[in-house]
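S.K.: First, the structure itself, so that you have it in front of you.
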Amino acid sequence: MGNLFFDKEEYIESVPFYAKAAELAPSMGVYHANLGGSHRALTQWEEARVAYAKAVDVEPGNGEYQNILGYIYFILGRHEASLPYYRTAIEINPSNALYYSNIGTSYAELKQWGEAKTAFSKAIDLDPQPLYLCNAASVCRELGEYDKMIEYSGKAIELRREKPNDSYGFDYYYEFLAEGYFKAGRIKEFEEYLEKSTDFEGSPEKKAVVYNWTGGLFAREGRYEEGRPYAEKALELAPRTPIYEFNLGLADRGTGRWETAIVHYTKALELRREVQEDSYGFDYYYEFLAEGYFKAGRIKEFEEYLEKSTDFEGSPEKKAVVYNRIGNLYFDIDGFSNAIPWYSSAIDAAPSVGIYYANRALSRSRVKLWADAEEDYQEAITLEPTNPEYHNMLGNVYFETESHQQAIDAYQRAFAIESQPIYACNLARTYGNLGRWEEMIGFCSKALDLRREKKNDPYGVGYYYRFLVEAYVSAGKTAELGEILDLSEDFSTDPGGKAELYSLAGNLLFRAGRYDDAVNFYFSAVELAPSIAVYFVDLGLALQYKGDLLNAGKAYLEAIRLDPTNHGYQNFMGNLYFYADEFALAAEKYLEAISLNAPIADYRENLVLACKEIGKSNKQEALSFLEKAMSYESTSPVLAEAIRDLEATGGKDTPPA
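Counting from 1, position 600 in the sequence shown corresponds to residue 604 in our numbering; the numbering is continuous, with no gaps.
Okay, here's the thing in structure tokens:
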């Protein structure tokens, strides 16, 4: 019964019969496999996985079941988990080329290029199919072996000529060949090959696909003008194809020629109205047309064009996409107040789409309309309660308005839905604002644990460590912090990143007046990054404040050696000499600071103070320093007054009465 329904492609109806068969005869692998096959046909991948897993348990020696289960894991994105099943399938039937091709695809997804290349090569040896050759070509692309990519793609095309029933058209294989020649810097050779080819006789639209793809290769590298002739050739071969006209607009977009981009986008829309089977909706073309008018400073014209258009009749949700796009364009240039009305229009057109409320909320947050932002986020959450980012952004609103408990509640909801490092970190920050350092430490640690598992997290590991450092310093646990940083392997390839954290800890301790602890962390920073001048300056300041002037001076001098043109460092050294009563040496450093950045008044005032001390014993030396300073800043009233005061003494060693 299940088979009868399956053969008629009535997969839903087949499921209960296959399930009953598997229940009645659980030791029959074929019944579990048939059930899994129906779930596969319905794209019910998890149910298919369960069924095929049972088939494999019952008949572990069936290579096809092993292969299909591996494929299901692949479809589920669990590429590592697919490998054991593919390997078992190969062990059972080592002459099956498909099994090698499948495991090669999993290796490729895992970026294990060597293993992928070996697997595809074996598949080709067993059964030289065009697709297997193309897969090998794709691996060669990743390995930078472009000549081999050309070789494999060329052979795939040759084989394709012998296999008219191959499910992939010539254009598919030619795209790989084009990319190989492009990457090898031999695109002209490909162009000649393509022009001589008879593979597209009677199918100019397929040849157009290849030209369009080739133009896209140039565009992806920002070489828009070089790609333009290929886009033009595609349009010449298939003049009624909207996307090819549109791509010429994209070429103009890449070079900032917005007026001509608008012309091409408009023509593409005209073609789109005539071609109903185009896979791109009107909203796709309108989004770019909107951008063209926006960048050309003609957004009002576009607004009129959009309002008159009948392209979205019966599809207000598509028009909402365009409104949202314009809002985003304003948002991207910090035009938050201008973005808000466009997001409002998107909401009016599609009131059940949460992202439009969230976008308006974010714009309202940027202009500190906190109550309105909160209302929008609440609406977005009502529409999409399982979207963690909406809860997180609502938490940010509460954080900014110091509604700490509400922020904690919102962040916890986000974290409960999806364990993202940033959500744990936001909880940590909020607990920190409440002075609850232990909770802050706990959530910072949790954020770091999660970050280590999520390599594609947009925030670097150092971002989360900065809050951990703040938490430990604020909790008075500097010894524990030092041990954590010393033992951390998160910066094994980035010692500079760890140095930044030691420096941050030092800065926090310095501001708290804990100079001894600050010195220890600054020393760790300079040990890890001995070429960073500012770390030596920070160390010098901390040493100076704890009274160790000698070592402070050494630290300042090292900073100056590393960055001799930094006027601030010269001034710090001048201050140190001043506190040590070495006024002439101080004056030299202040003068050096003035020569590097004369407009800073503090340096002139510091020099005057030093010269007053020098003038008590040697007026001429003091005058010499001041006159040199005047050569850098001739209009300074502070310097002029100091010179007059010294000259009034008549050159005597004691000041006038």
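Note that CB positions come from ideal geometry on N, CA and C, so glycine has one too.
Mapping the DSSP letters down to three states, classify valine 371 as helix, strand or coil.
M.R.: Coil.
S.K.: Distance, Cα to Cα, alanine 300 vs arginine 227?
M.R.: Those two C-alpha atoms are separated by around 22 Å.
S.K.: Could you spell out where the alpha helix (DSSP H) holding aspartate 282 opens and where it closes?
M.R.: Note, aspartate 282: premise wrong, no alpha helix (DSSP H); not H, not E.
S.K.: Here's the rule: buried if 16 or more other CB atoms are within 10 angstroms of the residue's CB, otherwise exposed. What is isoleucine 536?
M.R.: By the 10 Å Cβ count, isoleucine 536 comes out buried.
S.K.: To the nearest angstrom, report how far apart glutamate 240 and valine 213 are at their CA atoms.
M.R.: If I take the Cα positions, the gap works out to 12 Å.
S.K.: Measuring straight from C-alpha to C-alpha, what distance separates alanine 411 and asparagine 400?
M.R.: Their Cα atoms are separated by approximately 7 Å.
S.K.: Taking just the CA atoms, how far does leucine 505 sit from tyrosine 476?
M.R.: Whole-angstrom Cα-Cα distance: 12 Å.
S.K.: Round the Cβ separation of phenylalanine 124 and serine 105 to the nearest angstrom and send it over; I've been treating them as touching at under 8 Å.
M.R.: Between serine 105 and phenylalanine 124 the Cβ distance is about 7 Å, and since that is below 8 Å, they are a contact.
S.K.: In its own chain, which residues sit with a C-beta less than 7 Å from the C-beta of glutamine 70, not counting the 5 before and 5 after it?
M.R.: Closer than 7 Å at the Cβ level, and outside the excluded window around glutamine 70, lie Val60, Tyr89, Thr92, Ala93, Ile96.
S.K.: Considering only C-alpha positions, which residue in the set Asp315, Asn342, Lys323, Asp338 is nearest to aspartate 352?
M.R.: That would be Lys323, whose Cα lies nearest to the Cα of aspartate 352.
S.K.: Here's the rule: buried if 16 or more other CB atoms are within 10 angstroms of the residue's CB, otherwise exposed. What is glutamine 548?
M.R.: Label assigned to glutamine 548: buried.
S.K.: Take leucine 545 as the anchor and find which of Asp567, Asn511, Gly358 has the nearest alpha-carbon.
M.R.: Checking every option, the nearest Cα to that of leucine 545 belongs to Asn511.
S.K.: Jot down the residue ranges of each uninterrupted beta strand (DSSP E) in the region 131-211, minimum 3 residues, whole runs only, in chain order.
M.R.: Correct list: empty.
S.K.: Since methionine 577 and leucine 595 are thought to touch, with beta carbons under 8 Å apart, how far apart are those beta carbons, to the nearest angstrom?
M.R.: Their Cβ separation, rounded to whole angstroms, is 12 Å, which puts methionine 577 and leucine 595 out of contact at 8 Å.
S.K.: Relative to the C-alpha of aspartate 129, which residue among Tyr156, Leu147, Glu113 is closest?
M.R.: Checked all of Tyr156, Leu147, Glu113; the closest Cα to aspartate 129 is Tyr156.
S.K.: Could you spell out where the alpha helix (DSSP H) holding isoleucine 488 opens and where it closes?
M.R.: It spans 482-491 - the alpha helix (DSSP H) in which isoleucine 488 sits, taken as one unbroken run.
S.K.: Give me the Cα-Cα distance between isoleucine 191 and asparagine 216, rounded to the nearest whole angstrom.
M.R.: Their backbone Cα atoms lie some 14 Å apart in a straight line.
S.K.: Exposed or buried, what is proline 246 when buried is set at 16 or more other beta-carbons lying within 10 Å of its beta-carbon?
M.R.: Classification for proline 246: buried.
S.K.: Within the continuous alpha helix (DSSP H) that includes methionine 444, where are the two ends?
M.R.: That run of the alpha helix (DSSP H) goes 441-457.
S.K.: Tell me the residue span of the alpha helix (DSSP H) that contains phenylalanine 540.
M.R.: Taken as a continuous stretch (DSSP letters only), the alpha helix (DSSP H) holding phenylalanine 540 covers 537-549.
S.K.: Count the other C-beta atoms from every protein chain shown that fall within 10 angstroms of the C-beta of asparagine 66, then say buried if there are 16 or more, exposed otherwise.
M.R.: By the 10 Å Cβ count, asparagine 66 comes out buried.
S.K.: Can you name, in chain order, every residue of its own chain whose Cβ lies under 6 Å from the Cβ of glycine 253, other than the five neighbours on each side?
M.R.: These residues qualify, in order along the chain: Ala265, His268, Tyr269.
S.K.: Beta carbon of glycine 40, beta carbon of alanine 55: below 7 Å?
M.R.: Against a cut-off of 7 Å, the Cβ pair of alanine 55 and glycine 40 comes out as a contact.
S.K.: Pick out whichever of Gly6, Met32, Asn555 has its Cα sitting closest to the Cα of proline 20.
M.R.: Of the listed residues, the one whose Cα sits closest to proline 20 is Gly6.
S.K.: Under DSSP, the alpha helix (DSSP H) around leucine 600 begins and ends at which residues?
M.R.: Looking at the DSSP string, the run of the alpha helix (DSSP H) that includes leucine 600 is 587-600.
S.K.: Pick out whichever of Tyr327, Gly358, Lys620 has its Cα sitting closest to the Cα of tyrosine 347.
M.R.: When only C-alpha atoms are compared, the closest one is Tyr327.
S.K.: If you draw a straight line from the alpha carbon of lysine 458 to that of valine 465, how long is it in whole angstroms?
M.R.: Roughly 10 Å separates the two Cα atoms.
S.K.: Any idea if arginine 3 is buried or exposed, counting beta-carbon neighbours within 10 angstroms, 16 or more meaning buried?
M.R.: Examination of residue 3 is not possible in this model, given that the chain is present from 5 through 661 alone.
S.K.: Quick check on glycine 81: does DSSP put it in helix, strand or coil?
M.R.: Residue state, collapsed to three classes: coil.
S.K.: Confirm, please, whether the CB-CB distance from threonine 218 to alanine 255 is below 7 Å.
M.R.: No.
S.K.: What three-state label does DSSP hand glutamate 249 in the structure shown?
M.R.: In this structure, glutamate 249 counts as helix in the three-state DSSP scheme.
S.K.: For aspartate 657, which of helix, strand or coil comes out of DSSP?
M.R.: For aspartate 657, the predicted model reports a pLDDT of 46, less than 50, meaning its position is unreliable and no value from the coordinates is stated.
S.K.: Going straight from the alpha carbon of lysine 12 to that of leucine 46, what length do you get?
M.R.: Roughly 14 Å between the two C-alpha positions.
S.K.: Measure the Cβ-Cβ separation of tyrosine 573 and valine 523 and say whether it is below 7 Å.
M.R.: Contact: no.
S.K.: Apart from the five residues just before and just after glutamate 645, which ones in its own chain have a Cβ nearer than 7 Å to its Cβ?
M.R.: Excluding positions up to five away in sequence, the list is empty.
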